[in-house]
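Visitor: Here you go, one structure.
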Amino acid sequence: MKTWVKASGMAAAGFLAVTAIGASPAGASRAGSSPDTCRTGYVWRGAQNSDHVCVTPAARDRTARENATGVWHACTQGFVWREAYRGDFRCVVPSSRTQARLDNEVAPYRLAWVIMTRTRHDPDSTSCDGGSCSTTNESTYYTAGVRGYYLAPGARVSVKIVADGATVWSKIAYAGAGKDPGGNYSLDTGNVLCGGGTFAKPYNAYVQVRENDGPWSPRVPISYRKCNNL
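The sequence shown lines up with residues -22 to -1, 1 to 208 when you count with mature numbering (1 follows the signal peptide of the UniProt record, and there is no 0).
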């Protein structure tokens, strides 16, 4: 296999890989340029007015029904506090609380602004010069990227990766037209994913994005670590 530096085109100091949960192309649940805009297929949960956790429409409808019951704090046998947010003492069935906890955990990955992706890089093909041919023994590898949409077309998009309190990677893009809805961008960090391109814990860093000089998006937890297999 070629050396990591030659394959990625980056300096040796960048022997780090970014990993996170993968994502498929999707749109947003509402129009507008807000850092908590949901991807297509998700909507705000609405357990309280400020609850912008992105969930499925079915979860939102169930939450609305639970809010309408009026049962609060003193739960009867078989019911538990929902705990969708701190101080949420709505009485629900245990499966609803389990779902609320899961939705809270994966919420950052359902944003339209910050979608972690991976790009496959295949080995170079055989090249010939006259009667002499050569091949490489480079293996297929993947690099981590960040994609987002539903921004204002032409907007200046700042993307950064923060690890151990310091920005370890950053880049500027401009939202343009493409297959994704609204103003969108797509960046490849150039960092090789460890473990054959898998997205895995533990997470020790995060990605954030902002439009122009607006607020930074919620933090999307990722792992930023050295690859032992390179």
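Yeah, the Cβ is synthetic: ideal placement off N, Cα and C, and Gly gets one too.
Give me the DSSP bridge partner(s) of Val185.
Guide: BP columns for Val185 point to Ile139, Val198.
Visitor: In three-state terms, what does DSSP make of Asn27?
Guide: If DSSP states are grouped into helix, strand and coil, Asn27 belongs with coil.
Visitor: Nearest to Leu165 by CA position, among Lys149, Cys172, Leu171, Lys157, is which residue?
Guide: The candidate whose alpha carbon is nearest that of Leu165 is Lys149.
Visitor: Go through the stretch 20 to 65 residue by residue and report every complete run of the alpha helix (DSSP H) that reaches 4 residues or more, in order.
Guide: Within the stretch 20 to 65, the complete alpha helix (DSSP H) runs of at least 4 residues are 35 to 47.
Visitor: Does the stretch 93 to 104 come close enough to the stretch 72 to 81 to have 3 or more Cβ pairs within less than 8 Å?
Guide: No: the two stretches stay apart, fewer than three of their Cβ pairs being nearer than 8 Å.
Visitor: By how many angstroms is the C-alpha of Tyr120 removed from the C-alpha of Ala46?
Guide: Straight-line Cα distance between these residues: approximately 48 Å.
Visitor: For Ala122 and Met94, which I take to be in contact (beta-carbon distance under 8 Å), what is that distance rounded to the nearest angstrom?
Guide: Ala122 to Met94, Cβ: 6 Å. Contact.
Visitor: Run through DSSP, which three-state label would Leu89 get?
Guide: The answer is strand: DSSP assigns Leu89 an E or B state.
Visitor: With H, G and I counted as helix, E and B as strand and the rest as coil, what does DSSP make of Val70?
Guide: The answer is strand: DSSP assigns Val70 an E or B state.
Visitor: Report the option in Leu89, Thr18, Ala52, Ala178 whose CA atom is closest to the CA atom of Arg197.
Guide: Comparing Cα positions, the closest option is Leu89.
Visitor: Does the Cβ of Asn162 have 16 or more other Cβ atoms within 10 Å, making it buried, or fewer, making it exposed?
Guide: It is buried - the Cβ of Asn162 has at least 16 other Cβ atoms within 10 Å.
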